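Read the structure below first, then the notes.
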Amino acid sequence: MRVVDKMKAVTCRIVMFATSLTAMVDCESYLERRERLLTQERRNFTGGDLVLSQKETLVNVALLRMKNDELEAAYTNSAAFLPSQNFLLARQSIERSKVFDFIKRVPKACVLHIHLLGAVSVDYVIEHLTYQEDVYGGYVNGVFKLKVLETPGGGWKPLKEYREENSSFDVFLKEKLTLTSSSMTESKEDVWVAFKNTFTTLFDLVAHRPTFKKYVYRVLEELYLDNVFYAELRGAFMNLYETNGTVYDVRVFIDTFVEVVDEFKADHNGFVGVKFIFNLYRGVDGSTMKAALDQLSYFKRLYPDFIAGFDLVGSEDDGKNLVDFHEELHGATGDVKFFFHAGETNWYGRADLNLADAVLLNTSRIGHGYALAKHPLLLELARSRDIAVELCPISNQVLKLHYDPRNHPATVLLATGYPVVIGNDDPSVWQSTGLSYDWYVVLMAMTWEDHGLEVLKKLAMNSIKYSAMSEKEKIAALDQFLTAWDRFVDEFLRSQEVDQRKRVYVV
Ligand SMILES: [Zn+2]
């Protein structure tokens, strides 16, 4: 070694000893320092701790090629970037995306934020459920409702008659069950009214016991077709009824639900199961809250494997806050876990403060947590308690929290490896189905341009880790996921080889 080099090395060692990191930086070139910094950032990002296998790396190369093709087109024409177009207009274009096609094939493990009444695609509901015998429609308090009746009356009319009178009736019905593109120019408050009304329109139809069975089966089918093998569905306890008017208590609802899940599992290899998060409208009074929590605790003891916990629903901006119920929620028995929607708002220092209560009340996960990044202390407290955020980017866009997911605050969470799981919230309301659309938006708009398979794999693994499954169930689910993942990787590589051979043959 030349003297100069030797001196340099010694000096460097001394400096390193003296001032550690800063000193090391002094010995690095600017570009080395830059690289080290970015490598650390990359490592911190969700999935940055995963090392891809050789085969996964090959798949990732193909994914990144597709991703970069789409991004390159958008860099020169940002209007063409599909995630930043409103989903109500962009859905069909997304379906033509190669990245979306890839994501549909990826095993996604679990969906942990999905509402029962927004879970089945609207076309299925209209074609298969509203054409059944004895389905009636009528206005109740100004909202069009569907119901199954044996004997009509009281303003209810068979859908058959509506359809005979108006050949566009199904278009009208679809508008009642979804948010149309006209909602894009409406106020957030008006959109929430239309959003809530979609559930009112559907509720009594789904509560019809034979219809409920078909409906739940279809929920699971649409998820399964999208490579989701487990779901935690939020919903109210429903009093199911028969066509002849017999109304059942809540136990029949749970029994029927469990029966359909078991039937689906028997019919579909690899489907892991369902748990139920009971939710209550946040506008209720304290005594209703207390009664609901007692009821939940009772049913949790009867169905410990099926019932996951409790949540409040409705717009946080114009409903009651968690703090309004802190006594009732504190009084809930220890076996009731919370999965609160919290921070689904753009306002600051108002409904977003639900995040403080969610964390203090030991919520198991945070639904949306849109405002969490604005509260660094709560964010760190939630991180230390390992509370995952359920990110639903399309819902947040359609319900007007953001216009462009590149500005979604949860990007900060992903960038720091905060535990995030992806949910689809109420896909049927935005004429969607499955979980892939939300995964697509996250991958395209909320990750670096060269982030790929490692992020997707981590999101799927997070969905198992932060689910309400028992430890034993999680281990089995993870095994099953990894098997499905390896199969996906092999199949993808095989399909690429076939494509290549075809190309060679054609040439
Ligand atoms: Zn939700």
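Mapping of the sequence shown onto our numbering: position 377 corresponds to residue 395, and the numbering continues sequentially without gaps. Where is the CB? At the ideal position from N, CA and C, for every residue including glycine. All values reported here derive from a predicted model rather than from experimental measurement.
Cβ-based burial, residue i [other Cβ within 10 Å; buried from 16]
i: Tyr388; result: buried
i: Ser200; result: exposed
i: Pro101; result: buried
i: Val211; result: exposed
i: His426; result: buried
i: Arg300; result: buried
i: Thr501; result: exposed
i: Trp448; result: buried
i: Gly291; result: buried
i: Glu515; result: exposed
i: Tyr154; result: buried
i: Asp497; result: exposed
i: Lys73; result: exposed
i: Thr203; result: exposed
i: Pro322; result: exposed
i: Asn257; result: exposed
i: Glu346; result: buried
i: Lys490; result: exposed
i: Asp280; result: exposed
i: Ser513; result: exposed
i: Ile132; result: buried
i: Thr196; result: buried
i: Ala391; result: buried
Host beta strand (DSSP E) of residue i (start-end)
i: Gly291; result: Gly291 to Tyr299
i: His133; result: Ala127 to His133
i: His386; result: Arg383 to His386
i: Arg252; result: Val246 to Gly253
i: Ala406; result: Ala406 to Leu409
i: Lys392; result: Counting along the chain, Lys392 falls outside any beta strand (DSSP E), and DSSP gives it neither H nor E.
i: Phe162; result: Val161 to Val166
i: Phe343; result: Where Phe343 is concerned, there is no enclosing beta strand (DSSP E), given that its DSSP letter is neither H nor E.
i: Ile325; result: Ile325 to Val331
i: Val439; result: Val438 to Ile440
Heavy atom of ligand 1 within 7 Å of residue i beta-carbon
i: His426; result: no
i: His359; result: yes
i: Gly452; result: no
i: Asp443; result: yes
i: Ser385; result: Here residue 385 is Gly; the residue named in the question, Ser, does not match the sequence. Flag set: Cβ of Gly385 near ligand 1.
i: Thr146; result: Here residue 146 is His; the residue named in the question, Thr, does not match the sequence. No - ligand 1 has no heavy atom lying nearer than 7 Å to the Cβ of His146.
i: His420; result: no
i: His133; result: yes
Start and end residues, alpha helix (DSSP H) containing residue i
i: Phe190; result: Phe187 to Leu195
i: Tyr154; result: Careful: Tyr154 lies outside any alpha helix (DSSP H), inside the beta strand (DSSP E) at Val153 to Val158.
i: Asp273; result: Val268 to Asp285
i: Glu50; result: Tyr48 to Asn62
i: Val459; result: Ser454 to Ala463
i: Val77; result: Gln72 to Thr94
i: Ala212; result: Lys206 to Val224
i: Glu113; result: Phe105 to Glu113
i: Gly304; result: Gly304 to Leu320
i: Val234; result: Arg227 to Leu243
Heavy atom of ligand 3 within 7 Å of residue i beta-carbon
i: Glu281; result: Absent from the structure shown: ligand 3. Ligands present: ligand 1.
Any C-beta of chain D under 8 Å from that of residue i
i: Val211; result: Checking the listed chains, one finds no chain D in this structure; it contains a single protein chain.
* Asked: Does the region 407-420 come close enough to the region 438-446 that 3 or more CB-CB pairs lie under 8 Å?
  -> A contact exists between the region 438-446 and the region 407-420.
* Would you call the region 262-279 and the region 509-522 in contact, with 3 or more CB pairs under 8 Å? -> no
* To do: Please confirm if the region 79-98 is in contact with the region 457-477, defined as three or more CB-CB distances below 8 Å between the two stretches.
  => Three or more Cβ pairs closer than 8 Å define a contact, and the region 79-98 meets that threshold against the region 457-477.
* Asked: Are there three or more Cβ pairs, one per stretch, closer than 8 Å when the region 233-249 is compared with the region 162-180?
  -> no
* Asked: Is the region 356-375 close to the region 326-342, with three or more CB pairs under 8 Å?
  -> yes
* To do: Could you say if the region 175-193 and the region 227-247 meet the contact criterion of at least three C-beta pairs nearer than 8 Å?
  => At 8 Å Cβ cutoff, the stretches do not touch.
* Asked: Does the region 134-151 come within contact of the region 213-229, defined as at least 3 CB pairs closer than 8 Å?
  -> yes
* Do three or more CB pairs link the region 58-72 to the region 471-486 at distances below 8 Å? -> yes
* To do: Spell out a yes or no on whether the region 482-499 and the region 451-468 are touching, meaning 3 or more CB-CB pairs, one atom from each, closer than 8 Å.
  => no
* Okay, do the region 91-100 and the region 184-192 touch, 3+ Cβ pairs below 8 Å being the bar? -> The region 91-100 vs the region 184-192: no contact.
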